[in-house]
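First the structure, in the form of structure tokens, and then the observations on it.
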Amino acid sequence: MNVHDLAEKLGLTVFSLPESDREAKGVYIGDLLSWVMGRAQSGQVWITIMSNINVIAVASLSDVACVILAEGVTVEDNILEAANQRGINLLGSEKSAYEIALELSGLV
Amino acid sequence: MVKAMSDERLGFHFDVDGTNFTSAGQASVEVKKNLRQIGVPPEIIRKVSIAMYEGEINMVIHAGGGTADVYVSEHCVEIVLRDEGPGIANVDLAMQEGFSTAPDNIRSLGFGAGMGLPNMKRYTDEMNIETQLGKGTCITMRVNF
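Sequence lines, in order, name chains A and B.
All residue numbers for the first sequence refer to our numbering, where the first residue is 35 and numbers rise by one.
All residue numbers for the second sequence refer to our numbering, where the first residue is 233 and numbers rise by one.
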């Protein structure tokens with residue numbers, strides 16, 4: 035499923051969607067950035083509660099399909115700008131990482 | 233910055249700003265872009281850029297910045313990271329997953345998990361650490377393809 039359809043189906047907040055047709059396959063959940071970078075696979079959906087600027091760099095380097103910020107975490111303008119510049123799809127949800135993962139189950 | 237090497241390798245040089253943690257990663261993202269442009273395979277790019285990003289973060293957290301040089305030749309990418317920081321007191325310990333001397337403010341940003349050096353080793357085919365207490369550290373990594 036592509037990221038645009040995913041955002042629509044789960045009713046996610048769209049912070050940035052510069053590569054909306056990117057296919058998502060699999061999910062990784064984590065907040066320790068080095069750990070995520072070492073484990074997340076290219077094309078996965080990454081769910082986190084971290085929202086600092088380094089999240090954009092990690093998403094870019096690990097080549098995930100999109101980032102979903104859980105539990106109502108929001109982002110500042112400079113992060114949105116970096117996400118758009120680097121082609122990072124950044125979404126948000128009020129739900130917990132676990133609840134989001136349950137909804138993603140079977141979709142990606 | 234791109235420079236032509238006398239031995240026909242392509243080289244990129246970056247200064248890593250040790251004062252601005254939020255801009256850490258710029259060199260890695262730039263390298264990723266440059267390697268993509270010259271047609272290096274995606275999996276190699278992923279390895280190089282992750283290893284380099286960890287190195288950059290380490291230099292910012294521990295050493296007040298440094299320099300990063302990336303050399304591309306026919307069969308490998310070599311990354312050389314140099315800093316004039318405090319050096320690594322116990323390299324074996326630092327190579328263990330989970331061991332970290334990063335301060336709390338760094339941990340709150342999602343780093344300092346003790347994964348930096350282990351990730352650099354995991355994502356490269358060769359890694360060499362030269363370090364001297366009070367003088368600095370030079371890490372050379374190579375990814376073959």
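Quick reminder that beta carbons are idealized off the backbone N, C-alpha and C, glycines included.
is_contact[residue i, chain B] using C-beta, thresh 8 angstroms
{"i": "Arg56 (chain A)", "result": "no"}
{"i": "Trp80 (chain A)", "result": "no"}
{"i": "Ile102 (chain A)", "result": "no"}
{"i": "Ile87 (chain A)", "result": "yes"}
{"i": "Ser50 (chain A)", "result": "no"}
{"i": "Leu95 (chain A)", "result": "yes"}
Alpha-carbon spacing of residue i relative to residue j, whole angstroms
{"i": "Glu53 (chain A)", "j": "Met71 (chain A)", "result": "20 angstroms"}
{"i": "Tyr62 (chain A)", "j": "Ile87 (chain A)", "result": "19 angstroms"}
{"i": "Leu138 (chain A)", "j": "Ala283 (chain B)", "result": "30 angstroms"}
{"i": "Asn118 (chain A)", "j": "Ser50 (chain A)", "result": "6 angstroms"}
{"i": "Leu95 (chain A)", "j": "Ser281 (chain B)", "result": "6 angstroms"}
{"i": "Phe244 (chain B)", "j": "Asn252 (chain B)", "result": "21 angstroms"}
{"i": "His294 (chain B)", "j": "Leu313 (chain B)", "result": "13 angstroms"}
{"i": "Glu288 (chain B)", "j": "Glu262 (chain B)", "result": "12 angstroms"}
{"i": "Ser305 (chain B)", "j": "Phe377 (chain B)", "result": "10 angstroms"}
{"i": "Gly60 (chain A)", "j": "Gly106 (chain A)", "result": "22 angstroms"}
{"i": "Leu66 (chain A)", "j": "Arg339 (chain B)", "result": "8 angstroms"}
{"i": "Leu46 (chain A)", "j": "Lys129 (chain A)", "result": "10 angstroms"}
Same chain only: Cβ atoms within 6 angstroms of residue i, ignoring 5 sequence neighbours per side
{"i": "Asn290 (chain B)", "result": "Gly348"}
{"i": "Val109 (chain A)", "result": "Phe49, Ser85"}
{"i": "Ser76 (chain A)", "result": "Asp97"}
Where the alpha helix (DSSP H) through residue i begins and ends
{"i": "Gly287 (chain B)", "result": "274-290"}
{"i": "His245 (chain B)", "result": "Where His245 (chain B) is concerned, there is no enclosing alpha helix (DSSP H), although the beta strand (DSSP E) it sits in stretches over 242-249."}
{"i": "Glu310 (chain B)", "result": "Looking at the DSSP string, Glu310 (chain B) is not in any alpha helix (DSSP H); the run it does join, the beta strand (DSSP E), is 308-315."}
{"i": "Leu138 (chain A)", "result": "131-138"}
{"i": "Gln269 (chain B)", "result": "258-269"}
{"i": "Asn337 (chain B)", "result": "336-339"}
{"i": "Asn252 (chain B)", "result": "Where Asn252 (chain B) is concerned, there is no enclosing alpha helix (DSSP H), given that its DSSP letter is neither H nor E."}
{"i": "Val142 (chain A)", "result": "Run containing Val142 (chain A): none; DSSP gives neither H nor E here."}
{"i": "Val107 (chain A)", "result": "Premise fails: Val107 (chain A) is in no alpha helix (DSSP H) and is neither H nor E."}
Residue-level contact to chain A via CB, residue i, 8 angstroms cutoff
{"i": "Val261 (chain B)", "result": "yes"}
{"i": "Ser281 (chain B)", "result": "yes"}
{"i": "Ala345 (chain B)", "result": "yes"}
{"i": "Leu325 (chain B)", "result": "no"}
{"i": "Glu286 (chain B)", "result": "yes"}
{"i": "Leu313 (chain B)", "result": "no"}
Continuous beta strand (DSSP E) stretch holding residue i: start and end
{"i": "Tyr303 (chain B)", "result": "297-304"}
{"i": "Ile113 (chain A)", "result": "Premise fails: Ile113 (chain A) lies in the alpha helix (DSSP H), 111-119, not in any beta strand (DSSP E)."}
{"i": "Ser50 (chain A)", "result": "47-50"}
Beta-carbon contacts of residue i that lie in its chain and below 8 angstroms, excluding the five residues immediately before and after
{"i": "Met327 (chain B)", "result": "Leu349, Pro350, Lys353"}
{"i": "Arg374 (chain B)", "result": "Cys308, Val309, Glu310, Ile311, Thr356, Asp357, Glu358, Met359"}
{"i": "Pro273 (chain B)", "result": "Phe377"}
beta-carbon residue i near the ligand FAD non-hydrogen atom, thresh 7 angstroms
{"i": "Pro52 (chain A)", "result": "The ligand FAD is not part of the structure shown, which contains no ligands of any sort."}
Residue i at chain D interface by Cβ criterion, 8 angstroms
{"i": "Gly257 (chain B)", "result": "Protein chains in the displayed structure are A and B, and chain D is not among them."}
Contact set for residue i: own chain, Cβ-Cβ below 7 angstroms, skip 5 residues either direction
{"i": "Glu115 (chain A)", "result": "none"}
{"i": "Glu329 (chain B)", "result": "Gly346, Met347, Pro350"}
{"i": "His38 (chain A)", "result": "Leu51, Ser54, Asp55"}
Taking three-plus beta-carbon pairs below 8 angstroms as touching, is the segment 312-330 of chain B in contact with the segment 366-375 of chain B? In short, these stretches touch, since the Cβ pair count reaches three.
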